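Note that this note's numbering has the sequence shown beginning at 291, numbered continuously upward. Every residue, glycine too, gets a C-beta built ideally from N, C-alpha and C. Owing to the predicted nature of the structure, the values given are computational and were not obtained by experimental measurement. Below is one structure, written out as structure tokens, with a few remarks after it.
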Amino acid sequence: MRIGIDLGGTSVAVGLVDDNYSVLCRTSQRTAGCKDEKELMDRIISCIYDLIKKSGVSTDDIESIGIGCPGSTNVEQGLVVRSGNLPFKNTRVAKILSDEFGKKVYLDNDANCAAWGEYNAGIAKGLDNVVMVTLGTGIGGGIIINGRILHGKENHAGEIGHVVIDINGKRCACGRIGCWETVASTRALIERVRAEAEHVPFSVLGNVISENNGVIDGRSLFIALKRGCKVSKSIFAEYIELLGVGVMNVIEVLRPDMVVFGGGISKEGDTLIAPLRENIGETPTRLEASSLNDNAGIIGAALLHLI
């Protein structure tokens, strides 16, 4: 058995993966608000101990640990060079975890791990060329070409969320102006929903948010859409156009067999994917939602030893 860790901008999920690539047990903790790398690493370590206790396995039964981290990673040295949404800078994540648990630790970008999970155990199994697009705090990209993860120079390949699509757009966490994730990430969608709800508070969308005690998340828009909200339809149509611009660029550059979408809103399935297919038009590349959902990153991280 192996442990897979999926570290995101707001939470960390840890799972125990067996030889059939199934998640036997998982747990998670919030990481939003961690002030520095020590606090964040302590949170990750705590989550791993919680998993071991919850699953009842002995540490002797754990063969290795894999972790997927957002941002720029150095796979060979097991460190996170930088991450726009986490307090990591040249942090030796793999060594810290290896010293704590006495296991071999593998590290890669979180979207690479999600892609690797779908490629080995999910909807992209059996395909040679796959791109994973993860929609969350930012937009991550994992690229598999001819059955191998594309790392590129200094392991920086796949940062598709930072492709500039609007030179007059918003400033991104990376420092550039107009990155794709500033308009098409789940966080960007939530910001758009919040602004519109404040402008038209008595819409169906406003009612959905009120029912959720004022909390806006990735589901808010889709719930309102299903209730026929005209405001939500307008927001969604704009979002699909902005998402489609980036996806079309990915398809034209890489021509993969499949583009897989992960992250919370990918669970909406064809509600999200069908209009995106229509927006992009005819293409030999299949567009699909993740079949592993929240477990894609965990499974992919646990299987990094296969690379």
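For the options P377, V540 and I588, the alpha carbon positioned closest to that of A447 is the one of V540. When DSSP states are grouped into helix, strand and coil, I530 belongs to the helix group. Taking the C-beta atoms as reference points, G590 is found no nearer than 8 Å to G554. With fewer than 16 other Cβ atoms from the protein chains shown falling within 10 Å of its own Cβ, F492 counts as exposed. Assignment of beta-bridge partners to M548 by DSSP yields V420 and R576. The beta carbons of I506 and R484 sit closer together than 8 Å. Counting only unbroken stretches of 4 or more residues, the alpha helix (DSSP H) elements lying wholly within the region 295 to 380 are 327 to 345, in sequence order. When rounded, the separation of the alpha-carbon atoms in V490 and L397 is 45 Å. Remark: C-beta atoms of R320 and S301 approach each other more closely than 8 Å.
Linking I295 to V537 through their CA atoms gives a straight-line distance of about 27 Å.
Annotation: F526 to L511 spans about 8 Å, alpha carbon to alpha carbon. In the three-state reduction of the DSSP assignment, I429 falls in the strand class, which pools E and B.
Annotation: T476 to T427 spans about 6 Å, alpha carbon to alpha carbon. Nearest to V420 by C-alpha distance, out of L596, F551 and I588, is F551. Less than 8 Å separates the beta-carbon of L593 from that of Y311.
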